[in-house]
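Visitor:
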Amino acid sequence: MQIILQEDIEKLGTRGQVVEVAAGYARNYLLPHKLALEASPANIKRLEKIRITLSKRTATEKEAAEQQAALLNSVTVKLARKAGENDQLFGSVTSADLAETLAAQGFQIDKRRIALDEPIKILGESVVTVKLVHGVTAQFKVVIEREA
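According to the working numbering, the sequence shown is numbered sequentially starting from 2.
1) Please report the straight-line C-alpha distance between ILE4 and ASN44, rounded to a whole angstrom.
2) What does LYS12 pair with, by DSSP beta-bridge criteria?
3) What residues match up with ALA65 in a beta bridge as DSSP calls it?
4) DSSP on ALA149, reduced to helix/strand/coil?
5) Just curious, the beta strand (DSSP E) that GLU119 is in, first and last residue?
6) With 16 as the cutoff for other CB atoms within 10 Å, does PHE141 come out buried or exposed?
7) Alpha carbon to alpha carbon, how far is LYS12 from ALA100?
8) Could you give the first and the last residue of the continuous beta strand (DSSP E) run that contains THR102?
9) What separation, rounded to the nearest whole angstrom, lies between the Cα atoms of ALA81 and PHE108?
10) Near ARG52, what residues of its chain come up, given a Cβ to Cβ distance below 8 angstroms and the 5 sequence neighbours on each side ignored?
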């Protein structure tokens with residue numbers, strides 16, 4: 002089934018792109034969540050009209066994301082956590098914790114955009130990648146110290 006994506010979907014495509022997906026995936030997930038439209042001739046014609054607006058908006062969003070990435074690259078997030086003798090944390094630092102700390106510093110980053118393979122479980126320094134919009138990525142340093 003052909004659909005028109007309304008939002009960027011990782012591993013599927015970008016907003017405004019016409020892609021082929023399984024009918025069940027479209028009917029049960031993409032269409033009800035308003036992530037896509039059915040690729041009917043009327044919708045394709047309407048897509049052509051808004052594609053110009055989309056390209057302008059995409060350019061401004063990408064520029065803003067690049068500016069945010071430049072700021073994020075210089076950020077160091079410091080967190081204090083309780084840890085055992087072998088520097089293992091009691092608990093872990095997740096992408097939600099990092100998003101909350103970044104929000105306190107003035108960055109509104111969705112926790113799903115923070116690319117952590119697994120939660121941080123040891124004291125020390127780590128580098129974390131953030132996937133911003135339109136393929137723009139940034140990295141920031143996370144320093145986890147022992148809580149007094």
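Note that beta-carbon positions come from the ideal geometry of N, C-alpha and C, so glycine has one too.
Being a predicted model, the structure only gives us computed values, none of them experimental.
Guide: The relevant details are as follows:
1) Looking at the two C-alpha atoms, the distance is approximately 9 angstroms.
2) Answer is none; LYS12 lacks a bridge partner.
3) Per DSSP, none; premise fails for ALA65.
4) Here DSSP, grouped into helix, strand and coil, assigns ALA149 to coil.
5) Counting along the chain, no beta strand (DSSP E) covers GLU119, and no H or E run does either.
6) Counting the other Cβ atoms within 10 Å of the Cβ of PHE141 gives 16 or more, which makes it buried.
7) LYS12 and ALA100 have their C-alpha atoms spaced approximately 23 angstroms apart.
8) For THR102, there is no enclosing beta strand (DSSP E); the residue is part of the alpha helix (DSSP H) that begins and ends at 96 to 105.
9) C-alpha of ALA81 to C-alpha of PHE108: approximately 20 angstroms in a straight line.
10) Within the same chain, ARG52 has close Cβ partners GLY17.
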